[in-house]
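Enquirer: Residue numbers (full-length UniProt numbering): 2 to 471. All residues carry an ideal CB built from backbone N, CA and C; glycine is no exception. On a predicted model such as this, the values are computed, not experimentally measured, just so you know. Structure below; questions to follow.
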Ligand code: UDX
Ligand code: UDX
Ligand code: ADP
């Protein structure tokens with residue numbers, strides 16, 4: 002029969018594990034939730050008396066304030082967390098491999114494996130082990146083999162797949178009212194019991210009909226598939242934005258028109274300077290690698306094109322900037338507004354802004370960056386990684402970081418909008434214009450400015466997906 006879960010442990014206090022398990026604690030006061038991580042600084046931040054949490058997510062502080070110390074705990078004592086729990090989420094990082102077989106494509110499963118081995122080594126009672134991290138199809142099988150080969154006798158491990166679909170910036174809303182919760186299990190009596198135990202946890206706040214239970218492999222693949230199809234939508238709309246710029250069609254109007262088709266739907270059709278974030282590219286490359294391993298080269302090529310279109314969109318945008326600024330930006334001053342990969346997050350992983358700044362630097366322009374949430378240290382780290390042959394001191398001769406949009410745009414020739422922060426919609430453009438070198442250009446990579454109003458002020462404006470003929 003299914004066990005009643007009373008103690009949950011989450012291994013990994015990152016972007017996924019932290020918010021997810023904090024919400025479980027909030028919604029299930031009868032369950033003790035312990036989130037463990039090897040990273041002392043991260044755990045300290047989660048425990049900080051003034052709630053200076055390691056990640057920024059609207060509404061997260063309020064959740065942690067209510068649950069922390071009540072039934073939500075953060076700790077570096079991984080072993081104790083494992084031993085006490087009856088259900089363990091594995092929510093560690095699965096970055097793209099940087100070397101070895103599958104480098105640049107395959108997921109690095111080292112962290113998942115180490116966490117799994119730890120569970121096997123220290124557990125002295127049976128556990129339900131839940132894959133929360135996004136993993137390649139059939140990872141659960143490897144986890145099961147490791148657990149069974151290393152565990153004490155009398156301990157049984159049931160493995161579930163429970164991928165997380167939250168998006169950054171809206172994580173708390175997504176967790177409070179998810180479109181669906183997906184739980185995959187083996188279709189054995191024990192597997193189905195474990196599945197029911199986890200479903201019961203979610204049923205404390207998620208309507209029953211939104212809790213989908215499927216086979217283990219379908220669940221693992223669904224996560225990759227969902228992200229691949231979302232990214233594909235953006236690459237499709239971005240491919241159309243290039244046609245719009247060349248013809249005089251307007252991508253906003255096109256997206257609006259096609260989104261009205263109920264089979265297509267209106268969401269996730271915003272053309273942009275390219276998608277970023279820790280998931281889309283990584284998950285597609287994973288799917289590409291999986292397809293190739295399964296000897297399906299045409300399938301691999303199909304998905305790879307989604308990433309290639311995204312690379313093209315980013316470099317096409319940089320090229321528009323150079324072309325428009327009279328074919329050279331050497332020695333020119335450019336303000337880049339926004340560095341996060343999307344609004345309402347301080348996260349910069351795979352942010353298109355990084356590629357843009359790198360391109361501008363290689364053209365020897367001076368760049369001033371402003372982002373309301375990204376830490377300076379993160380910007381330097383990202384630029385050093387993006388420009389491997391340039392020492393930081395040289396990057397810092399070309400790049401400065403500003404404290405406001407107004408400061409960033411002063412004495413510049415051009416402004417590039419890379420992230421759709423709400424505050425960029427409220428910029429006092431007249432003041433900005435007065436302080437700029439002329440002619441003053443605005444390149445909007447996120448379709449947030451009123452181009453006509455800006456032109457009236459005196460700006461030359463280029464918006465993604467809108468040609469000079471529109
Ligand atoms: C994504 C998925 O949405 C989420 O379900 C999954 O769990 C993790 O990956 P996330 O990467 O946090 O979430 O953000 P998302 O809102 O999906 O945006 C990803 C990127 O696509 C951002 O750079 C965003 O600016 C871009 N985007 C999104 C567009 O360019 N146009 C759109 O219409 C939507
Ligand atoms: C299509 C468009 O739907 C319609 O809006 C446009 O005006 C003309 O082109 P049609 O070709 O008549 O209409 O049929 P549709 O129902 O779209 O199906 C096209 C093909 O896709 C069919 O072979 C259908 O079997 C296939 N299909 C459709 C699938 O394989 N899977 C699906 O989920 C849907
Ligand atoms: P995600 O976006 O998938 O949540 P993050 O990198 O934000 O990824 O978080 C993953 C967390 O997992 C990191 O804080 C890392 O320190 C932690 N972690 C990785 N391996 C282990 C492990 N074996 N035991 C405990 N924590 C781990």
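Out of 393, 22, 137, 191, point me to the one whose CA is closest to residue 293's CA.
Expert: Residue 137 is the option with its Cα nearest to residue 293.
Enquirer: Can you find the residues in the same chain that come closer than 6 Å, C-beta to C-beta, to residue 88, ignoring five residues on each side of it along the sequence?
Expert: Correct list, in chain order: 6, 9, 129.
Enquirer: Where does the unbroken beta strand (DSSP E) through residue 380 begin, and where does it stop?
Expert: Segment 377-387 is the alpha helix (DSSP H) holding residue 380; no beta strand (DSSP E) there.
Enquirer: If we count Cβ pairs, one from each stretch, closer than 8 Å, do we get three or more for the stretch 335-351 versus the stretch 269-281?
Expert: A contact exists between the stretch 335-351 and the stretch 269-281.
Enquirer: Can we count residue 143 as close to ligand 3, meaning its CB is less than 7 Å from some heavy atom?
Expert: Checking every heavy atom of ligand 3 against the Cβ of residue 143, none is found closer than 7 Å.
Enquirer: Report the partner residues of residue 84 according to the DSSP bridge assignment.
Expert: Note: residue 84 sits in no beta bridge, so no partner.
Enquirer: Less than 8 Å between the C-beta atoms of residue 255 and residue 213, yes or no?
Expert: No, Cβ-Cβ distance for residue 255 and residue 213 is not below 8 Å.
Enquirer: Once DSSP output is grouped into helix, strand and coil, what is the label at residue 275?
Expert: Here residue 275 sits in coil by DSSP.
Enquirer: Would the stretch 254-268 count as touching the stretch 294-312 if we require 3 or more Cβ pairs under 8 Å?
Expert: Verdict: no, contact absent.
Enquirer: Do residue 330 and residue 366 have their CB atoms nearer than 8 Å?
Expert: Cβ distance < 8 Å, so residue 330 and residue 366 count as in contact.
Enquirer: Are residue 47 and residue 39 closer than 8 Å when you measure CB to CB?
Expert: No, they are not a contact pair.
Enquirer: Three or more beta-carbon pairs under 8 Å between the stretch 234-253 and the stretch 97-108, yes or no?
Expert: The stretch 234-253, when compared against the stretch 97-108, does not touch it at the 8 Å Cβ threshold.
Enquirer: Along the chain, where does the alpha helix (DSSP H) that runs through residue 445 open and close?
Expert: From DSSP, residue 445 is part of no alpha helix (DSSP H) but of the beta strand (DSSP E) over 442-445.
Enquirer: What do you reckon, is the C-beta of residue 425 under 7 Å from a heavy atom of ligand 1?
Expert: Every heavy atom of ligand 1 is 7 Å or more from the Cβ of residue 425, so no.
Enquirer: Just to confirm the assignment: which complete alpha helix (DSSP H) runs, minimum length 4, are found wholly within the stretch 100-166?
Expert: Complete alpha helix (DSSP H) runs here, min 4: 111-123, 140-151.
Enquirer: Bridge partners for residue 212 per DSSP, in chain order?
Expert: Answer by DSSP bridge pairing, in chain order: 182.
Enquirer: If you measure between the beta carbons of residue 448 and residue 468, is that distance less than 8 Å?
Expert: For residue 448 and residue 468, no; Cβs fall outside 8 Å.
Enquirer: Find the nearest neighbour of residue 151 within the set 168, 123, 177, judged by alpha-carbon distance.
Expert: Ranking the options by Cα distance to residue 151, first place goes to 123.
Enquirer: Would you decide whether residue 295 is buried or exposed? Buried here means 16 or more other CB atoms lie within 10 Å of its CB.
Expert: Residue 295 should be labelled exposed.
Enquirer: Specify, as a first and last residue, the run of the beta strand (DSSP E) that residue 367 falls within.
Expert: Unbroken beta strand (DSSP E) run through residue 367: 367-371.
Enquirer: With three or more C-beta pairs closer than 8 Å as the rule, is the stretch 183-200 touching the stretch 230-240?
Expert: No: fewer than three Cβ pairs fall under 8 Å.
Enquirer: Cβ of residue 40 within 7 Å of any heavy atom in ligand 3?
Expert: For ligand 3, at least one heavy atom lies less than 7 Å from the Cβ of residue 40.
Enquirer: Shorter than 7 Å, the distance from the beta carbon of residue 115 to the closest heavy atom of ligand 3, or not?
Expert: Yes; taking the cut-off as 7 Å, the Cβ of residue 115 has a heavy atom of ligand 3 nearer than that.
Enquirer: Going along the chain, which unbroken runs of the alpha helix (DSSP H) with 4 or more residues stay wholly within the stretch 4-66?
Expert: Counting only runs of 4 or more, we get 18-28, 41-47.
Enquirer: Cβ atoms of residue 175 and residue 187: under 8 Å apart, would you say?
Expert: Taking 8 Å as the Cβ cut-off, residue 187 and residue 175 do not qualify as a contacting pair.
Enquirer: Can you tell me the Cα-Cα spacing of residue 305 and residue 354, whole angstroms?
Expert: Rounded to the nearest angstrom, the two C-alpha atoms are 22 Å apart.
Enquirer: Which class does residue 251 belong to by DSSP, given the choice of helix, strand or coil?
Expert: Strand, per DSSP.
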